[in-house]
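In UniProt numbering, the protein residues as written are 1 to 204. Below you'll find the structure, written out as C-alpha cells, and then a few comments.
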C-alpha cells in the first residue's frame, strides 16, 4: 500500500507557496531568455553565408515548456526547426531544471546525407570546441546522462567516421552550466555558428 504521508522535506515545500511562486517566475524568465536567444540566432543567420533551404526556416521558431522531463521542469527553443517525415534540420536549445542548458544540432535523412562529408572532415574543430555526439538508436532523448552522448574529443577519427555513417540521423550537442545564465545566449550562438560554419566549409 502506498504511503500518502509527506516526508519532512516534502512538507517543507508543500506548506510554502513561495517556493512555487519563485519557480514559476524563474520559468517565465527562461521563456524570455529563449525569446532573446532566438532573436540572436536569427541575427546570426541574417549575416551568415550558410545556405538554408527555404523549408528549414518556413516553420518558424517554437518555444515550449513542460514539467516532467525525467521529473523536472524544462524549456525548449526549436530554431531553426524542420521536422519532415524522414528529413530533419533542427537546432534545439534546452533548459533543464537543476541540471544545465544545452544546444543540439539534429540532422536526419537526406539532410544528414548532404552534410556527411563536411561532418567527417570537421572532426578536429568539433572536438576542439567540446561537442558531443549522440549514441542511442532512439533520437528523442535530450540529456547527457546514462551514456546518451560521447565527447568527440574522447574518440579517435575512425570511431568518429563510424558514428557519422552508422545511422540516418546524427545529433551534435553541447551542455552549459546553469551558472552561465548571463552568458548563455552568447555561448549558444557561438556553438551554433561553429556547427553551421563547419557544415559550410568547402573541403577537397
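Even for Gly, the Cβ is constructed at its ideal location relative to N, Cα and C. Remember, it's a predicted structure, so these values are computed and weren't measured experimentally.
Q) At what residues does the beta strand (DSSP E) containing residue 144 begin and finish? A) Along the chain shown, read from residue 1 onward, the residue named residue 144 stands at position 144. No beta strand (DSSP E) holds residue 144; DSSP gives it neither H nor E.
Q) What residue does the alpha helix (DSSP H) around residue 78 start on, and which one ends it? A) Against the chain shown, residue 78 aligns to sequence position 78. Segment 72-83 is the beta strand (DSSP E) holding residue 78; no alpha helix (DSSP H) there.
Q: Please work out which residues of its chain come closer than 6 Å, Cβ to Cβ, to residue 203, disregarding the five sequence neighbours upstream and downstream, and give them in chain order.
A: Position 203 of the chain shown, counted from the start, is the residue given in the question as residue 203. The pLDDT assigned to residue 203 is 49, lower than 50, so where the model puts this residue is not dependable; a value taken from the coordinates is nonetheless given after this. Counting only Cβ-Cβ distances below 6 Å, and skipping sequence neighbours, we find 121.
(Q) I'd like to know if the stretch 168-177 and the stretch 91-108 are in contact, where contact means that at least 3 CB-CB pairs between them fall below 8 Å. (A) yes
(Q) Distance cutoff 7 Å, beta carbons only. Does residue 19 sit that close to anything in chain C? (A) Although the question refers to chain C, the structure presented lacks it and comprises just one protein chain.
**Q.** Burial state of residue 19, where buried means 16 or more other Cβ atoms lie within 10 Å
**A.** Counting from 1 along the chain shown, the entry for residue 19 is found at position 19. So residue 19 ends up on the exposed side.
**Q.** Whole alpha helix (DSSP H) elements within the stretch 155-200, 4-residue minimum
**A.** 157-165 and 184-200
Q.
Give me the DSSP bridge partner(s) of residue 18.
A. Residue mapping note: residue 18 aligns to position 18 of the chain shown, counting from 1. In the DSSP output, where bridge partners are listed per residue, residue 18 has none listed.
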